[in-house]
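Line order of the protein sequences matches chains A and B. In this text, residue positions in the first sequence follow the working numbering: the first is 290, and each later residue adds one. In this text, residue positions in the second sequence follow the working numbering: the first is 290, and each later residue adds one. Glycine residues also receive a C-beta, built at the ideal position from the N, C-alpha and C atoms. In this text, all values refer to a predicted model and were calculated from it rather than measured experimentally. So the structure is just underneath, and the comments pick up after that.
Protein chains: 2
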Amino acid sequence: MEYDISKRKAQILRAVVEAYVKGGEPVGSKYIAQNMMPNCSPATIRNEMAELEVLGYLEQPHTSAGRVPSELGYRFYVDCLAGEYKKTKAETEVMAERLRGKQHELDKILAEASRLAGSMTNYTAIAVKPRTDMSKIIRFEVMYFDSRNLVLVMLSGSGNAKTRNLRLSFDVLPTDAAHLASTLNMYIAGHTLDEITLPLMMQAEAEMGSEARLLSAAMKEIYSGMEEQSGGEIKVDGVDRLLSYPEFSDVGKLRGLLGAIESKDGILDTISNIDGDELSVVIGRENMSDSMSDSTLVVKKIKKDGKVVGAIGIIGPCRMDYANVMATVDALAESVGKMINSELRMLEGPKKGKE
Amino acid sequence: MEYDISKRKAQILRAVVEAYVKGGEPVGSKYIAQNMMPNCSPATIRNEMAELEVLGYLEQPHTSAGRVPSELGYRFYVDCLAGEYKKTKAETEVMAERLRGKQHELDKILAEASRLAGSMTNYTAIAVKPRTDMSKIIRFEVMYFDSRNLVLVMLSGSGNAKTRNLRLSFDVLPTDAAHLASTLNMYIAGHTLDEITLPLMMQAEAEMGSEARLLSAAMKEIYSGMEEQSGGEIKVDGVDRLLSYPEFSDVGKLRGLLGAIESKDGILDTISNIDGDELSVVIGRENMSDSMSDSTLVVKKIKKDGKVVGAIGIIGPCRMDYANVMATVDALAESVGKMINSELRMLEGPKKGKE
DNA sequence: TTTAGCACTCTTTTAAGTCGAGTGCTAACC
DNA sequence: GGTTAGCACTCGACTTAAAAGAGTGCTAAA
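Listed below in structure tokens is the structure:
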């Protein structure tokens with residue numbers, strides 16, 4: 290965290306990063322001297338840049354080209370930025386406003402927020418929804434649709450509900466549905482998959498009496514419902530935007546990144562490896578996945594009641610407009626956080642209005 | 290449908306398509322004469338090809354390059370193929386097998402089938418799930434989670450269920466949940482959004498008595514649930530595979546296509562414009578969306594009980610291995626169809642075993 | 001410590017020239 | 001008439017050479 294660098298070096302480094310991010314081409318001493326640091330001569334800048342290079346903050350694509358920030362250079366830049374990337378209050382308000390409306394389901398809010406982040410920054414956005422736990426169902430409900438179709442509703446301990454259609458090959462009555470529900474609640478609810486033993490099943494079957502076949506049809510769906518992990522998903526928005534950056538005009542690089550985005554594992558890994566709750570920036574090879582080693586990921590987790598319920602982020606080339614991206618992701622994540630937590634407050638009525 | 294073309298022309302056209310699909314480079318008369326039609330001289334082929342060009346089946350990137358099929362050329366080829374692209378029974382069986390296991394939810398089956406299609410053909414796969422209709426809710430259920438959290442289950446006329454979490458700012462009892470459910474079923478169920486008038490609401494509120502606030506909390510969720518069209522979704526798999534085809538090494542073309550895939554509207558339009566239920570191949574500009582005018586879409590709808598419940602398909606460049614893609618998509622769609630319809634049969638037990 | 005000057009390096013651009021694949025056409029052939 | 005051989009011609013792809021330009025590193029002076 291402690292970078293041992295003279296003030297002027299830092300200033301030059303910063304200038305290089307910003308110029309390079311903006312222009313996309315290696316930046317030379319002359320440019321810096323003229324545009325960003327008018328009180329230094331090119332030669333001075335050159336000397337400093339040469340030193341920054343041996344320190345590892347800058348790189349030279351080849352002799353007689355300008356300098357380009359190394360990953361370390363970006364890292365330094367980002368760390369310096371840490372304090373000052375916030376959006377203004379007004380901007381934040383605008384974003385929050387655009388998020389309103391859709392404030393119903395968490396998935397939707399996350400997706401919308403990430404989409405917004407993508408379009409505001411012109412990079413690819415991701416929304417992460419963590420796995421929801423269905424390993425223990427605490428309550429069942431059975432709805433009667435018609436004599437051959439029931440709907441099975443399963444409620445997990447964490448409050449997630451999942452529904453399954455039960456299509457039968459025999460006729461049942463509404464009372465059978467109710468009977469099934471009460472049987473399930475009595476014998477199956479509250480158990481994990483492992484705990485549902487044969488004796489338990491037999492008891493349940495006995496309870497169902499003549500409608501045991503209804504139970505077995507239901508159990509089949511329950512098994513599959515409990516086994517499958519819904520969630521752990523990433524929604525991606527705006528892959529096409531990647532193509533507007535020259536670093537991805539090389540099909541090879543693009544392909545790797547696209548693959549990584551699609552497989553999702555690497556990204557999930559990276560995100561789950563992030564410690565704090567703060568905005569985090571993963572630059573180049575800091576990423577777990579090799580195919581993302583030319584890209585940067587900016588993410589922020591979103592918490593509800595102290596628990597991580599998702600994350601939104603931006604993926605782009607290392608040469609990225611960090612200030613803007615960081616400010617946007619941070620503000621949006623913040624907004625989402627407030628929004629999903631304020632549902633409480635809103636309903637609770639006036640209460641230490643914190644705003 | 291009636292192409293007025295000599296047998297030999299058709300043969301040459303076919304040869305050109307196949308050679309071009311395989312090699313990716315304009316194919317010349319000599320190549321055809323040597324490899325595909327040994328009993329003709331290059332000159333003859335040349336003459337024929339020149340005629341095929343004025344007829345619009347072939348194109349020439351520039352003088353002194355070989356010929357390339359035009360869209361019409363591909364169309365002809367595909368139409369000719371109509372009969373003979375089927376997979377063998379054994380292959381079909383293998384695919385069906387790989388689909389088994391996941392046979393629970395339609396979404397999953399579709400997604401899995403399309404993923405399989407993509408990996409078998411090395412193109413980008415899509416799975417389409419049509420809009421599910423929630424405009425009229427025929428039945429409500431309310432599950433009691435804890436004193437401040439309920440789960441609201443809504444069942445539409447078409448049998449789709451949707452759940453919403455109801456987070457309250459006041460405490461309720463399990464009996465309140467039941468009461469809410471019966472009130473909703475009495476006053477709200479069976480109506481569309483428009484039909485829920487103020488008087489109706491007031492009646493319902495009166496019915497709820499002191500727990501009217503519970504009703505209003507629920508109504509908020511119901512409104513949002515009914516308004517939102519879930520579904521109409523496209524799941525895409527394997528965009529990165531597009532990059533392995535030289536036609537998309539041009540970033541511009543790729544960008545358009547990626548955009549189209551992402552916005553999804555164009556694709557949905559195209560698909561919903563397809564008339565029959567058969568496998569259909571939409572080549573180049575036959576697509577609705579401009580940005581897909583260099584791509585081909587191969588889709589097949591999937592029906593259940595005579596109703597379209599989804600579709601799977603493949604997107605790739607016009608220069609596509611049509612025979613393989615068509616066979617794969619067709620067979621997979623077929624398998625999925627059988628699978629979701631056989632759930633019935635399986636449960637019904639032995640019955641005119643059709644296989 | 002900073003700066004001006006200058007030779008040097010290395011990419012990018014431009015131009016010219018060559019190569020080769022494939023065509024279209026004409027004339028001979030069956 | 002349909003088919004084939006031969007040949008001139010076209011046009012992109014590739015190669016090579018040269019010129020241009022940008023930026024550096026180093027030296028020496030301020």
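(request) Give the range of the beta strand (DSSP E) segment to which residue 439 of chain A is assigned. (result) For this step, residue 439 of chain A is matched to residue 150 along the first sequence. It spans 438-445 - the beta strand (DSSP E) in which residue 439 of chain A sits, taken as one unbroken run.
(message) Measuring straight from C-alpha to C-alpha, what distance separates residue 529 of chain A and residue 555 of chain B?
(response) The count along the first sequence starts at 1 and reaches residue 529 of chain A at position 240. The count along the second sequence starts at 1 and reaches residue 555 of chain B at position 266. Between the alpha carbons of residue 529 of chain A and residue 555 of chain B lies a gap of roughly 15 Å.
(request) Taking all protein chains shown into account, decide if residue 358 of chain B is buried (16 or more other Cβ within 10 angstroms of its Cβ) or exposed. (result) As a first step, residue 358 of chain B is located in the second sequence; it is residue number 69 there, counting from the start. Residue 358 of chain B should be labelled buried.
(message) Please report whether the beta-carbon of residue 637 of chain B lies at a distance below 9 Å from any beta-carbon of chain A.
(response) Residue numbering aside, residue 637 of chain B sits at position 348 when the second sequence is read from its first letter. Summary for residue 637 of chain B: the model assigns pLDDT 42, below 50, so the residue's position carries little reliability, and this model does not support an answer.
(message) Within 9 Å of any Cβ in chain B, is that where the Cβ of residue 450 of chain A sits?
(response) One-based indexing of the first sequence puts residue 450 of chain A at position 161. Put simply, the CB of residue 450 of chain A is near chain B, with a gap under 9 Å to one of its CB atoms.
(message) Let me see if you follow: with CB-CB separation under 9 Å, is residue 579 of chain B close to chain A or not?
(response) Along the second sequence, one-based indexing puts residue 579 of chain B at 290. Chain A contact via Cβ: absent.
(message) For residue 506 of chain B and residue 571 of chain B, what's the separation of their Cα atoms in angstroms?
(response) One-based indexing of the second sequence puts residue 506 of chain B at position 217. One-based indexing of the second sequence puts residue 571 of chain B at position 282. Going from the Cα of residue 506 of chain B to the Cα of residue 571 of chain B covers about 48 Å.
(message) Is it buried or exposed, residue 401 of chain B, if we count other Cβ atoms within 10 angstroms and call 16 or more buried?
(response) For the purposes of this step, residue 401 of chain B is taken as residue 112 along the second sequence, with counting starting at 1. With 16 or more other Cβ atoms within 10 Å, it is buried.
(request) Go ahead and pull the three-state DSSP assignment for residue 429 of chain A. (result) As a working note, residue 429 of chain A is residue 140 in the first sequence. In this structure, residue 429 of chain A counts as strand in the three-state DSSP scheme.
(request) Anything in the region 426-445 of chain A with a Cβ closer than 7 Å to a Cβ of chain B? List those residues in chain order, please. (result) Answer in chain order: 428, 430, 432, 434, 438, 440, 442, 444.
(request) Under 9 Å between beta-carbons, which chain B residues line up against residue 551 of chain A? List them in chain order, please. (result) On the first sequence, residue 551 of chain A is found 262 positions in, with the first residue counted as 1. Per Cβ cutoff of 9 Å: 525, 526, 527, 528, 529.
(message) So residue 548 of chain A contacts chain B; which residues on that side make the cut at Cβ distance below 8 Å?
(response) By one-based count along the first sequence, residue 548 of chain A stands at place 259. The answer, in chain order, is 529.
(request) Would you list, in sequence order, the uninterrupted beta strand (DSSP E) runs of no fewer than 3 residues that lie entirely inside the region 486-533 of chain B? (result) Complete beta strand (DSSP E) runs here, min 3: 522-526.
(message) Can you check which of these residues, B:447, B:438, B:385, is closest to residue 426 of chain B by C-alpha distance?
(response) Numbered from its first residue, the second sequence carries residue 426 of chain B at position 137. Checking every option, the nearest Cα to that of residue 426 of chain B belongs to B:447.
(message) Taking CB distances under 9 Å as the criterion, tell me whether residue 394 of chain A reaches chain B.
(response) For this step, residue 394 of chain A is matched to residue 105 along the first sequence. Under the 9 Å criterion on CB atoms, residue 394 of chain A is classed as interfacial with respect to chain B.
(request) Alpha carbon to alpha carbon, how far is residue 479 of chain A from residue 466 of chain A? Give it in angstroms, no decimals. (result) Mapped onto the first sequence, residue 466 of chain A falls at position 177. Mapped onto the first sequence, residue 479 of chain A falls at position 190. Roughly 20 Å separates the two Cα atoms.
(request) Output yes if chain B places a C-beta closer than 9 Å to the C-beta of residue 538 of chain A; else output no. (result) Against the first sequence, residue 538 of chain A aligns to sequence position 249. Yes, residue 538 of chain A lies at the interface with chain B (some Cβ there is under 9 Å from its Cβ).
(message) Among the candidates A:628, A:441, A:567, A:582, whose CA atom is the shortest distance from the CA of residue 549 of chain A?
(response) Counting from 1 along the first sequence, the entry for residue 549 of chain A is found at position 260. With respect to the C-alpha of residue 549 of chain A, the residue from A:628, A:441, A:567, A:582 having the closest C-alpha is A:582.
(request) Less than 8 Å between the CB atoms is what I'm expecting for residue 346 of chain B and residue 303 of chain B, so what's the real figure, rounded? (result) Along the second sequence, one-based indexing puts residue 346 of chain B at 57. Along the second sequence, one-based indexing puts residue 303 of chain B at 14. For residue 346 of chain B against residue 303 of chain B, the beta-carbon gap comes to about 10 Å, at or over 8 Å, which does not count as contact.
(message) Once the 5 residues before and after residue 496 of chain A are set aside, which same chain residues still bring their CB inside 6 Å of it?
(response) By 1-based counting over the first sequence, the position of residue 496 of chain A is 207. Excluding five sequence positions before and after residue 496 of chain A, the CB atoms of its chain that fall closer than 6 Å to its own CB belong to 472, given in chain order.
(request) Within its chain, find whatever has a CB closer than 6 Å to the CB of residue 577 of chain A; leave out the 5 residues flanking it on each side and keep chain order. (result) Locating residue 577 of chain A in the first sequence gives position 288, where the first residue counts as 1. The residues are 555, 558, 559.
(message) Tell me the DSSP secondary structure of residue 627 of chain A in three-state form.
(response) Taking the first residue of the first sequence as 1, we reach residue 627 of chain A at position 338. In the structure shown, residue 627 of chain A sits in a helix (DSSP, three-state: H, G or I).
(request) Can you say whether residue 491 of chain A is buried or exposed, counting buried as having 16 or more other CB atoms within 10 angstroms of its CB? (result) Within the first sequence, residue 491 of chain A is the residue found at index 202, counting from 1. Taking all protein chains shown into account, residue 491 of chain A has fewer than 16 neighbouring C-beta atoms within 10 Å of its C-beta and is therefore exposed.
(message) Going by the DSSP bridge assignment, what does residue 584 of chain A pair with across the sheet?
(response) Stepping through the first sequence from its first residue, residue 584 of chain A is reached at position 295. BP columns for residue 584 of chain A point to A:606.
(message) If you reduce the DSSP assignment to three classes, tell me which class residue 641 of chain B lands in.
(response) For this step, residue 641 of chain B is matched to residue 352 along the second sequence. Model confidence at residue 641 of chain B stands at a pLDDT of 41, short of 50, so the residue's coordinates are unreliable; what they give is reported in the following sentence. Per DSSP, reduced to three states, the secondary structure at residue 641 of chain B is coil, with no helix or strand assignment.
(request) Count the C-beta pairs between the region 436-451 of chain B and the region 398-412 of chain B that are closer than 8 Å, then say yes if the count reaches three, no if not. (result) Touching, no, given that fewer than three Cβ pairs across the two stretches are closer than 8 Å.
(request) Quickly, what does DSSP pair residue 327 of chain B with across the bridge? List them, please. (result) As a first step, residue 327 of chain B must be located in the second sequence, where it is residue number 38. Per the DSSP secondary-structure output, residue 327 of chain B pairs with nothing in a beta bridge.
(request) Would you please state the rounded distance, in angstroms, between the beta carbons of residue 423 of chain A and residue 458 of chain A? I believe it to be under 8 Å. (result) Position 134 of the first sequence, counted from the first residue, corresponds to residue 423 of chain A. Position 169 of the first sequence, counted from the first residue, corresponds to residue 458 of chain A. Approximately 26 Å separates the beta-carbon atoms of residue 423 of chain A and residue 458 of chain A; this is outside 8 Å, ruling out the contact.
(request) Assuming residue 364 of chain B contacts residue 315 of chain B (C-beta within less than 8 Å), just tell me the rounded distance between them. (result) Working through the second sequence from its first residue, we reach residue 364 of chain B at position 75. Working through the second sequence from its first residue, we reach residue 315 of chain B at position 26. Incorrect: roughly 19 Å between the Cβ atoms, too far for contact.
(message) Beta-carbon within less than 7 Å of residue 630 of chain B's beta-carbon, same chain only, minus the 5 sequence neighbours each way: which residues are those?
(response) Residue numbering aside, residue 630 of chain B sits at position 341 when the second sequence is read from its first letter. Cβ-Cβ distances below 7 Å link residue 630 of chain B to 593 in the same chain, with the five nearest sequence neighbours on each side left out; the list follows chain order.
(message) Which same chain residues end up closer than 7 Å to residue 454 of chain A when comparing Cβ atoms and leaving out the 5 residues on each side of it in sequence?
(response) Numbered from 1 along the first sequence, position 165 holds the residue referred to as residue 454 of chain A. In the same chain as residue 454 of chain A, and ignoring 5 residues on each side of it, the C-beta atoms closer than 7 Å to its own belong to 438, 440, in chain order.
(request) Kindly list, in the order they appear in chain A, the residues whose Cβ is closer than 8 Å to that of residue 532 of chain B. (result) In the second sequence, counting from the first residue as 1, residue 532 of chain B sits at position 243. The contacting residues are 540, 543, 544, 547.
(request) Using a Cβ-Cβ cut-off of 9 Å, state whether residue 453 of chain B counts as contacting chain A. (result) Here residue 453 of chain B corresponds to residue number 164 of the second sequence, with the count starting at 1. Put simply, the CB of residue 453 of chain B is near chain A, with a gap under 9 Å to one of its CB atoms.
(request) Determine contact between the region 603-612 of chain A and the region 293-310 of chain A, defined as no fewer than three beta-carbon pairs at a distance below 8 Å. (result) The region 603-612 of chain A is in contact with the region 293-310 of chain A.
(message) Can you tell me whether residue 419 of chain A is helix, strand or coil according to DSSP?
(response) Taking the first residue of the first sequence as 1, we reach residue 419 of chain A at position 130. If DSSP states are grouped into helix, strand and coil, residue 419 of chain A belongs with coil.
(message) Measuring only the C-alpha atoms, how far is residue 301 of chain B from residue 343 of chain B?
(response) Your numbering for residue 301 of chain B matches position 12 in the second sequence. Your numbering for residue 343 of chain B matches position 54 in the second sequence. Distance between the alpha carbons of residue 301 of chain B and residue 343 of chain B: 15 Å.
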